[in-house]
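Colleague: Handing you this structure, nothing more for now.
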Amino acid sequence: MSRDLPPLNALRAFEAAARLQSISRAADELHVTHGAVSRQVRLLEEELGVALFSKDGRGVKLTDAGQRLRDAAGDAFERLRGVCADLAKRAEDAPFVLGCPGSLLARWFIPRLDRLNRELPELRLQLSASEGELDPRRPGVDATLCFAEPPWPADMRVIELAAESIGPVLSPRYGRFDALAHGAPESVLAESLLHTVSRPQAWPQWAAAQGLDSGRLRLGQGFEHLYYLLEAAVAGLGVAIAPQQLVADELASGRLVAPWGFVETRARLALWVPARQLDPRAERLAQWLRQAFAG
């Protein structure tokens, strides 16, 4: 016989039957049929070359070999149960690390962080911000919140939270505010538009949705990150374009205005979780985020 263990499913079925002294009760515990447990026990007996149970009236009883294996298997499975329970508790107690673009973190998440901590105190959220390309597969991150377009990769569980909608925004401090705020969408074609190098398609997408010739757009000052773009817009330096979610607070306060509203894109704001990680905290966070974005 090799040094490999017998099939673990067979050992598990035997351990349950030996501990409960009943094939039927073992089947109930394992949520399988009586026949399935019997087959696993026979497989184990064939693998070991010894009988583990013998007939005892209408039931069964352990042989000497069965008693030896029961004691060893019982100790091993009990230790495994204890270690697994301890690991699960430690994972639950550990902070939940969320990757998030810095712009989304600063403009939407941080103003709502106190609310989240009050409503999900067990989450113990730890935020990891980045303005570069976010990698939801990187070690040490439990989930990633970001805007992205489908299709979704097979190795990620992508929980969609909200559709992305983009639109031009400007501050009442901007010199041509009155003309733009009461003008038609094509008014922007005469403006030198603020933009980000990370999202060059944003203005053309919006223009196409409005039936405008994107070739007539005049791109002016560019910014590396969306956060700086929106700070420039708030300061009255020009007309910017941004996702609605990231300017919600500025729109509510009147610091920014969206004269022509927002148009939906193919992108979705979603929580990305590696498919191998089945952390229930990700689902709780997703539910909270979905409600928060809807509100």
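For what it's worth, the UniProt record's numbering labels the leading residue of the sequence shown as 1, then goes sequentially. From the three backbone atoms N, C-alpha and C, an ideal C-beta is built for every residue, glycine too. Computed from a prediction, not measured in an experiment: that's the story for all the values here.
Any idea which residues DSSP pairs residue 186 with across the strands?
Modeller: Its beta-bridge partners do not exist; DSSP assigns none.
Colleague: Buried or exposed: residue 149, going by 16 or more other Cβ atoms within 10 Å of its Cβ?
Modeller: When all chains shown are included, residue 149 counts as exposed.
Colleague: Buried or exposed: which applies to residue 75, given that a residue is buried once 16 or more other Cβ atoms fall within 10 Å of its Cβ?
Modeller: The residue is exposed, with fewer than 16 neighbouring Cβ atoms inside 10 Å.
Colleague: Between 22, 78, 67, 73, which has its C-alpha nearest residue 59's C-alpha?
Modeller: When only C-alpha atoms are compared, the closest one is 22.
Colleague: Roughly how many whole angstroms lie between the Cα atoms of residue 48 and residue 78?
Modeller: So the two alpha carbons sit approximately 22 Å from each other.
Colleague: Can you check whether the CB of residue 241 is closer than 7 Å to the CB of residue 203?
Modeller: Yes, they are a contact pair.
Colleague: What is the DSSP secondary structure of residue 115, counted as helix, strand or coil?
Modeller: Residue 115 falls in the helix class under three-state DSSP.
Colleague: Candidates 229, 187, 249: which alpha carbon is nearest residue 111's?
Modeller: Out of 229, 187, 249, 249 has the C-alpha closest to the C-alpha of residue 111.
Colleague: What residues in its chain sit with their C-beta under 6 Å from that of residue 191, if we drop five residues either side in the sequence?
Modeller: Answer for residue 191: 239, listed in chain order.
Colleague: Once the 5 residues before and after residue 163 are set aside, which same chain residues still bring their CB inside 7 Å of it?
Modeller: Excluding residues within five positions, the ones whose Cβ falls inside 7 Å are 264, 268.
Colleague: Rounded to a whole number of angstroms, what is the C-alpha to C-alpha distance between residue 212 and residue 188?
Modeller: Cα-Cα distance, rounded: 10 Å.
Colleague: If distances are taken between C-alpha atoms only, which option among 160, 145, 143, 144 comes closest to residue 151?
Modeller: With distances taken between Cα atoms, residue 151 lies closest to 160.
Colleague: Assuming residue 52 and residue 14 form a contact by the criterion Cβ under 8 Å, report the distance between their Cβ atoms to the nearest whole angstrom.
Modeller: Indeed they touch by this definition, with Cβ atoms about 6 Å apart.
Colleague: Measuring only the C-alpha atoms, how far is residue 136 from residue 280?
Modeller: One C-alpha to the other measures close to 17 Å.
Colleague: By DSSP's criteria, residue 290 is part of a beta bridge. Which residues make up the other side?
Modeller: Its beta-bridge partners do not exist; DSSP assigns none.
Colleague: Beta-carbon within less than 7 Å of residue 290's beta-carbon, same chain only, minus the 5 sequence neighbours each way: which residues are those?
Modeller: 161, listed in sequence order.
Colleague: How many Å lie between residue 171 and residue 107 at the Cα?
Modeller: Distance between the alpha carbons of residue 171 and residue 107: 16 Å.
Colleague: Taking the alpha-carbon positions, what's the residue 243 to residue 167 distance?
Modeller: Looking at the two C-alpha atoms, the distance is approximately 7 Å.
Colleague: For residue 161, which three-state DSSP category applies?
Modeller: Residue 161: strand per DSSP, three-state reduction.
Colleague: In whole angstroms, give me the CA-to-CA distance for residue 71 and residue 18.
Modeller: Those two C-alpha atoms are separated by around 9 Å.
Colleague: Excluding the 5 residues preceding and the 5 following residue 173 in the sequence, name in chain order all residues of the same chain whose CB lies nearer than 6 Å to its CB.
Modeller: 236, listed in sequence order.
Colleague: Helix, strand or coil: which one does DSSP assign to residue 2?
Modeller: Its pLDDT being 45, under 50, residue 2 is placed unreliably by the model, and nothing is read from it.
Colleague: Going by beta-carbon coordinates alone, are residue 165 and residue 293 separated by less than 7 Å?
Modeller: Their beta carbons are not under 7 Å apart, which means residue 165 does not touch residue 293 by this criterion.
Colleague: Quick check on the burial criterion: 16 or more other C-beta atoms within 10 angstroms. Buried or exposed for residue 41?
Modeller: Label assigned to residue 41: buried.
Colleague: Given a cut-off of 7 Å, decide if residue 219 and residue 193 are closer than it, judged by their beta-carbon atoms.
Modeller: Yes, these two residues count as a Cβ contact at 7 Å.
Colleague: Over the uninterrupted beta strand (DSSP E) stretch that includes residue 108, give me the two end residues.
Modeller: Segment: none, residue 108 is in no beta strand (DSSP E) and carries neither H nor E.
Colleague: DSSP three-state label for residue 59, please.
Modeller: Of the three classes helix, strand and coil, the one that applies to residue 59 here is strand, per DSSP.
Colleague: Excluding the 5 residues preceding and the 5 following residue 29 in the sequence, name in chain order all residues of the same chain whose CB lies nearer than 8 Å to its CB.
Modeller: Hits under 8 Å: 16, 20.
Colleague: Would residue 175 and residue 197 be called neighbours here (beta carbons separated by less than 7 Å)?
Modeller: No, they are not a contact pair.
Colleague: Secondary structure at residue 149, three-state DSSP: helix, strand or coil?
Modeller: In this structure, residue 149 counts as coil in the three-state DSSP scheme.
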